[in-house]
Amino acid sequence: MNTALSLLRNGWLEAGALVAFSTCPLLGADDAFRVDADFAGGNIQVVERRGDRVFIAPDQRDTQAGQWWFNWSFRLRAVAGQPVTFVFTGKNPFGVRGPARSLDGGTTWEWMGGSAVRSLQHDGQPAWSFVGRVPTGKEEVRFAFCPQYLESHLRTWLARHAKDPSLSVEALCRSRKGRPVELLRAGCLDQTKAHGVVLLTSRHHCCEAMATYAVEGFLETVLADDAAGRRWRERWQVIAVPFMDKDGVEEGDQGKFRRPHDHNRDYNTQPLYPEVAALMKLGASLQARVVATMDLHCPWIRGEWNDRVYIVGSSDKATWENQKAFGEVLQRVQRGPIRFRAADCLAFGTAWNTAKNTTQGRTCSGWTSERFPAARLTTTIEITYADALGIEVNATSARALGRDMAVALLEHLDTSSPSR
């Protein structure tokens, strides 16, 4: 690790500084191509290079022993058109739509498609590969497990709304490494007029980027010049924290199963992470003003329940009834391409949603359910990474889902009763 990495991880370098924080080797100037993760959100381990084949793996640097997660993001610099084959061995880190690719330095992304991935055997192990190329007219291309959403994306969105009187930007706190953790207030900012507060969070697990696109779409709805936006601004204030693990987002960590426990198992008497401690303090100050909380996540990589958007059911009966009621409204009012089904509410005791899931600590939704007993909705919503029942999940469709959630919650707040 170089000095720049040490400085970055201790919060001394400003965003945009030239740094290197990958584990891949630096290649000589005469090499035909370079592979690295020396940028915000980068994550890769270069295991071996054989000619134009590069054996790589997701970097598990922050992950608990015995666990594995699938986040990765790297950059290829090469002569335009030169094919380079990237091979992952062991566990399959691809979703059903294959790798995501960015041709503009990580600003926008597209899926390469499941057909881009080839399965094979390498040294007696299962392996998966895809071929990457730098397009004509470009100097680099980025590849990732899913479209990325970083502080730079949030800053771009905030710049578009810089003069909006119904949006304010604050700092919830500073992260462990000194980064400001953004807190956004949107809607009715006059506390004497607001009927209540909605808490909206994402990235307790820092790799779950699609959830933050939905947060952006939700906030866009609150600020929109239409009936729903005006209703939000008349009645409700939204407090959003897009990056609950800010360091992990910017450094490209896995986040899920972070040692000794991750941010979404930290809602305990003495939280480890500044973001969680600050949110709990804020919640204590808000108390009965909170009418709803939504914590947005992304699930496992593929398979049953990971192929759809779903609500994670509470063990509390009254909370569960309000979750189902919100799901009914969302199914009815949705307009975006990603379709939520009211039946897709994962009841407590089903699949992974059991008491065993919280043995490492209390979750955000567990805390909100206890802290805000009069709230009309406290819930976790899982937003699949790549495909929702055959519909592509991307920046546009995830933002549209966020809008649908905002419209549904607006109606739910007008028609529902407190949980208890």
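The working numbering puts the sequence shown at residues 5 to 424.
From the three backbone atoms N, C-alpha and C, an ideal C-beta is built for every residue, glycine too.
Quantities reported herein were computed from a predicted structural model and do not represent experimental measurements.
With DSSP as the reference, please indicate the residues paired to residue i in a beta bridge.
i, result
"residue 130", "125"
"residue 186", "175"
"residue 47", "77"
"residue 115", "104"
"residue 349", "315"
What does the alpha-carbon distance come out to for the pair residue i and residue j?
i, j, result
"residue 382", "residue 369", "6 Å"
"residue 316", "residue 235", "27 Å"
"residue 308", "residue 396", "17 Å"
"residue 360", "residue 83", "50 Å"
"residue 342", "residue 320", "28 Å"
"residue 107", "residue 200", "42 Å"
"residue 412", "residue 339", "11 Å"
"residue 387", "residue 299", "11 Å"
"residue 405", "residue 55", "43 Å"
"residue 415", "residue 297", "15 Å"
"residue 25", "residue 255", "Per-residue confidence for residue 25 stands at a pLDDT of 37, beneath the threshold of 50, marking its modelled position as unreliable; the derived number appears in the next sentence. Rounded to whole angstroms, residue 25 to residue 255 spans 8 Å at the Cα level."
"residue 226", "residue 70", "42 Å"
"residue 174", "residue 287", "16 Å"
"residue 3", "residue 284", "Given that the chain is displayed from residue 5 to residue 424, the structure contains no residue 3 and the question cannot be resolved."
"residue 407", "residue 375", "27 Å"
"residue 13", "residue 181", "Model confidence at residue 13 stands at a pLDDT of 32, short of 50, so the residue's coordinates are unreliable; what they give is reported in the following sentence. Using only the alpha carbons, I get a separation of about 6 Å."
"residue 420", "residue 240", "15 Å"
Along the chain, where does the alpha helix (DSSP H) containing residue i start, and where does it finish?
i, result
"residue 330", "321-337"
"residue 77", "Where residue 77 is concerned, there is no enclosing alpha helix (DSSP H), although the beta strand (DSSP E) it sits in stretches over 77-82."
"residue 106", "Note, residue 106: premise wrong, no alpha helix (DSSP H); beta strand (DSSP E) at 104-106."
"residue 200", "No alpha helix (DSSP H) holds residue 200; the beta strand (DSSP E) holding it covers 200-206."
"residue 217", "214-227"
"residue 401", "399-419"
Does the Cβ-Cβ distance between residue i and residue j come in under 8 Å?
i, j, result
"residue 418", "residue 258", "no"
"residue 99", "residue 129", "no"
"residue 271", "residue 371", "yes"
"residue 222", "residue 410", "yes"
"residue 215", "residue 157", "no"
"residue 294", "residue 176", "no"
"residue 220", "residue 403", "yes"
"residue 151", "residue 378", "no"
Grab the span of the beta strand (DSSP E) containing residue i for me, first residue to last.
i, result
"residue 93", "88-93"
"residue 316", "314-316"
"residue 1", "This structure does not reach residue 1, given that the chain is present from 5 up to 424, and the question cannot be answered."
"residue 148", "144-148"
"residue 37", "37-40"
For chain B, check one thing: does any of its Cβ atoms lie closer than 8 Å to the Cβ of residue i?
i, result
"residue 181", "Checking the listed chains, one finds no chain B in this structure; it contains a single protein chain."
Can you list, in chain order, the stretches of the alpha helix (DSSP H) that have 4 or more residues and sit fully within the stretch 240-310? 250-255 and 278-290
Runs of 4 residues minimum, wholly inside the stretch 361-393: which ones carry the alpha helix (DSSP H) assignment? 368-375
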